[in-house]
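Asks:
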Amino acid sequence: MLFPLRAAVVIGGLSYLALLKDRPDDAPALPASPMQVLPAQTLTAAWDAMSPEVRDRIAREGMDVFARHLAPQPAASADTLDEADRRPAWRGVGAR
């Protein structure tokens with residue numbers, strides 16, 4: 001789900017920059033900080049407009065992603081042996 005979103009942002013950004021290359025004078029002024037684009041009041045109002053179930057789900061999924069990035073990931077096993085390979089062949093006198 002996150003890959004298509006990232007791809008759309010990158011493709012959109014590159015397309016926008018390609019248009020700016022052709023006409024640099026038509027470029028809109030960029031804000032000094034990202035908070036000028038979405039002020040805190042707008043974000044707070046959007047958060048309050050959501051139902052409690054949606055807010056809980058967003059918070060839970062966000063914490064899950066955050067925890068996955070913080071938790072050390074176990075190293076992938078390089079073991080390619082089967083169970084039969086781990087048992088040594090019988091060495092000794094065979095049954096009589």
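Letter by letter, the sequence shown follows residues 1 to 96 in full-length UniProt numbering.
Even glycine gets a Cβ: it sits at the ideal position worked out from N, Cα and C.
#1: From what residue to what residue does the alpha helix (DSSP H) around S77 run?
#2: Just the Cα atoms here: how many angstroms apart are D82 and P88?
#3: Please say whether W47 and R57 have beta carbons closer to each other than 8 angstroms?
Replies: On the basis of the data shown:
#1: The sequence position of residue 77 within the sequence shown is 77, counting from 1. Judged by DSSP secondary structure, S77 falls outside any alpha helix (DSSP H); it is assigned neither H nor E.
#2: Counting from one through the sequence shown, the residue named residue 82 turns up at place 82. Counting from one through the sequence shown, the residue named residue 88 turns up at place 88. D82 and P88: Cα-Cα distance of roughly 12 angstroms.
#3: Looking up residue 57 in the sequence shown gives position 57. Looking up residue 47 in the sequence shown gives position 47. Contact check for R57 against W47 fails: the beta carbons are separated by 8 angstroms or more.
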